[in-house]
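A.B. asks: So that we are looking at the same thing, I have put the structure below in structure tokens.
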Amino acid sequence: MLYLIDANVLITAHNSYYPVNGVPEFWAWLSFRATAGDIKMPLEIFEEVKDGGTDEERDLLYGWISDEENKAALVLNEEVDPELVARAVDQGYANDLSDQEVEQIGRDPFLIAYVLSAPAERCVVTTEVSSIKKTRQNRKIPDVCDTLGVSCCNTFTMLRALGFSTGWRG
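Residues 1380 to 1549 (our numbering) are what the sequence shown spells out, left to right.
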């Protein structure tokens, strides 16, 4: 399974429980797993990371993710299929969104489109939580994935599946 991570996975990990400068084992493991091809981040989502958190938090995280080796390992080397992005928007959110609503969705349809390209082999990873009452541009990634029939999990499900441990290097 290829886990495609949302920007909020890195932002939340850094800001809440695995700060880059506090739990370096997590970040080394993430880079290792990305190099192995288990975890990737689409370029469109990678670009969101620089916009999350306070200046100091953002600088630490963006410094890590922008490191040439980490970026090369983490960024998915594919072009998105525009038809799959349109499908994610039309079927996952609504087929009559205004420009303002599309702007509110952000880049989430890109993340979902990359999973739609190989749904049996890929899974979206996000910190967003299902909220089935939300509609249109306010829908959450897990609900959109459910509608489209693609896999979605949270950070900790991915970490368990891939065997993360702070002693992973043995």
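All residues carry an ideal CB built from backbone N, CA and C; glycine is no exception.
(1) Spatial neighbours of R1486 within its chain, please: C-beta separation below 7 Å, excluding the five flanking residues on both sides.
(2) Roughly how many angstroms lie between the CA atoms of I1418 and L1409, to the nearest whole one?
(3) Under the three-state reduction of DSSP, which class applies to V1402: helix, strand or coil?
(4) Ends of the beta strand (DSSP E) at L1381?
(5) How far does the alpha helix (DSSP H) with V1464 in it extend, from its first residue to its last?
(6) Which whole runs of the beta strand (DSSP E) in the segment 1481–1508 are 3 residues long or more, in chain order?
(7) Under the assumption that I1390 contacts L1440 (Cβ atoms under 8 Å), give the Cβ distance between them as a whole number of angstroms.
(8) In angstroms, rounded to a whole number, what distance separates the CA positions of E1480 and E1458?
(9) Would you call the segment 1466–1474 and the segment 1486–1496 in contact, with 3 or more CB pairs under 8 Å?
(10) Give me the DSSP bridge partner(s) of M1420.
(11) For the segment 1499–1516 against the segment 1399–1406, are there 3 or more C-beta pairs whose distance is under 8 Å?
(12) Locate the alpha helix (DSSP H) running through F1535, then write down its first and last residues.
(13) Apart from the five residues on each side of it in sequence, which residues of its chain come closer than 8 Å, Cβ to Cβ, to N1387?
(14) Can you give the Cα-Cα distance for T1534 and Y1472, rounded to whole angstroms?
(15) Out of curiosity, what's the CA-to-CA distance linking E1404 and V1503?
(16) Could you give the distance in angstroms between the alpha-carbon of A1407 and the alpha-carbon of D1385?
(17) Taking the Cβ atom as the reference point for each residue, do S1509 and D1460 lie within a distance shorter than 8 Å?
C.D. replies: Looking at the atomic coordinates:
(1) As a position in the sequence shown, residue 1486 is number 107, starting the count at 1. Once the five neighbours on either side are set aside, the close Cβ partners of R1486 are E1423, I1424 and E1427.
(2) Position 39 of the sequence shown, counting from 1, holds the residue named residue 1418. Position 30 of the sequence shown, counting from 1, holds the residue named residue 1409. Approximately 8 Å, taken between the alpha carbons.
(3) As a working note, residue 1402 is residue 23 in the sequence shown. Three-state result, V1402: coil.
(4) The residue labelled residue 1381 in the question sits at position 2 within the sequence shown. For L1381, the enclosing beta strand (DSSP E) has its first and last residue at L1381 to I1384.
(5) Taking the sequence shown and counting its residues from 1, one reaches residue 1464 at position 85. DSSP places V1464 inside the alpha helix (DSSP H), whose first and last residues are P1461 to G1471.
(6) Within the segment 1481–1508, the complete beta strand (DSSP E) runs of at least 3 residues are 1501–1504.
(7) Here residue 1390 is taken as the residue at index 11 of the sequence shown, counted from 1. Here residue 1440 is taken as the residue at index 61 of the sequence shown, counted from 1. In this structure I1390 is in contact with L1440, their Cβ atoms being roughly 7 Å apart against a cut-off of 8 Å.
(8) In the sequence shown, the residue the question calls residue 1480 occupies position 101. In the sequence shown, the residue the question calls residue 1458 occupies position 79. Here the C-alpha atom of E1480 lies approximately 24 Å from the C-alpha atom of E1458.
(9) In short, these stretches touch, since the Cβ pair count reaches three.
(10) Taking the first residue of the sequence shown as position 1, residue 1420 is located at position 41. DSSP output for M1420 lists V1454 as bridge partner(s).
(11) The segment 1499–1516 makes no contact with the segment 1399–1406: fewer than 3 CB pairs, one atom from each, lie closer than 8 Å.
(12) Position 156 of the sequence shown, counted from the first residue, corresponds to residue 1535. That run of the alpha helix (DSSP H) goes T1534 to A1540.
(13) Taking the sequence shown and counting its residues from 1, one reaches residue 1387 at position 8. Answer for N1387: G1431, T1505, T1506 and E1507, listed in chain order.
(14) Counted from its first residue, the sequence shown places residue 1534 at position 155. Counted from its first residue, the sequence shown places residue 1472 at position 93. If you draw a straight line from the Cα of T1534 to the Cα of Y1472, it comes to about 23 Å.
(15) If you number the sequence shown from 1, residue 1404 lands on position 25. If you number the sequence shown from 1, residue 1503 lands on position 124. Straight across, the Cα-Cα distance linking E1404 with V1503 is about 23 Å.
(16) Translated into positions along the sequence shown, residue 1407 becomes position 28. Translated into positions along the sequence shown, residue 1385 becomes position 6. In a straight line, the C-alpha of A1407 is about 18 Å away from that of D1385.
(17) To locate residue 1509, count along the sequence shown from 1; it is residue 130. To locate residue 1460, count along the sequence shown from 1; it is residue 81. Against a cut-off of 8 Å, the Cβ pair of D1460 and S1509 comes out as no contact.
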